[in-house]
Amino acid sequence: MVVQPYLHFYGRCEEALAFYEQALGAQVTFKMRHKDAPGDYALAGEAGERIMHASFKVGQTTLMATDGPANDANAPAYSGFSISVSLDNMAKGEKIFDALAQGGEIRFPWQSTFWAKGFGMVVDKFGVPWMVNVENTEP
């Protein structure tokens with residue numbers, strides 16, 4: 048079994064994918080627009096340019112994304128979860144945390160804790176909650 052987050056960006060999917068490529072070194076592995084859907088499923092005009100489905104890899108994990116409904120006013124907030132990024136390098140952890148925080152909201156500033164060399168929590172500019180953790184592997 049594989050469990051994969053599926054993120055809805057309400058018309059900002061293209062922007063989000065570019066952001067994650069820059070912030071996380073993500074690699075977009077698949078992107079399909081509504082205009083490219085078969086037969087009657089294809090949409091024209093502005094709706095056709097919206098991303099119907101995308102997949103992107105962050106490290107070993109594949110996440111999926113879509114533009115979803117266009118109405119940002121009715122976009123629900125992400126809640127009840129965070130996407131956790133685990134690293135073994137402090138400099139890289141802090142760099143990723145700082146990149147995700149650009150235009151977002153820091154919920155727990157980057158710092159050492161009793162369980163981690165470095166840890167921080169941030170909600171990125173798309174409303175996606177992230178935790179970045181560099182474990183303390185020393186006893």
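Here the numbering used here is used: the first residue of the sequence shown is 48, the next is one more, and so on.
The beta carbon of each residue, even a glycine, is placed where N, CA and C say it ideally should be.
In this text the structure is predicted, and so the values were computed from the model without any measurement.
Here DSSP, grouped into helix, strand and coil, assigns A89 to coil. Counting along the chain, the unbroken beta strand (DSSP E) around Q158 starts and ends at 152 to 158. Annotated as distal: A112 and G174, with beta-carbon spacing of 8 Å or more.
Here DSSP, grouped into helix, strand and coil, assigns K139 to helix. When DSSP reads this structure, T76 sits in no beta bridge, so it has no partner. Here the region 77 to 92 does not lie against the region 150 to 160, with fewer than 3 beta-carbon pairs under 8 Å apart.
Of P156, M48, V181, Y57, the smallest CA-CA separation from S131 is found for V181. In its chain, beyond the 5 residues on either side, G95, E96, R97, I98, M99 have a beta carbon closer than 8 Å to the beta carbon of R80. Distance from the Cα of D145 is smallest, within the candidate group L71, F56, Y57, V49, for L71. In the three-state reduction of the DSSP assignment, F66 falls in the helix class.
Distance from the CA atom of A65 to the CA atom of Q74, rounded to whole angstroms, is 9 Å.
In the three-state reduction of the DSSP assignment, F144 falls in the helix class.
In this structure, the CA atom of T76 is about 8 Å from the CA atom of A101. K164 and G58 have their alpha carbons spaced roughly 37 Å apart.
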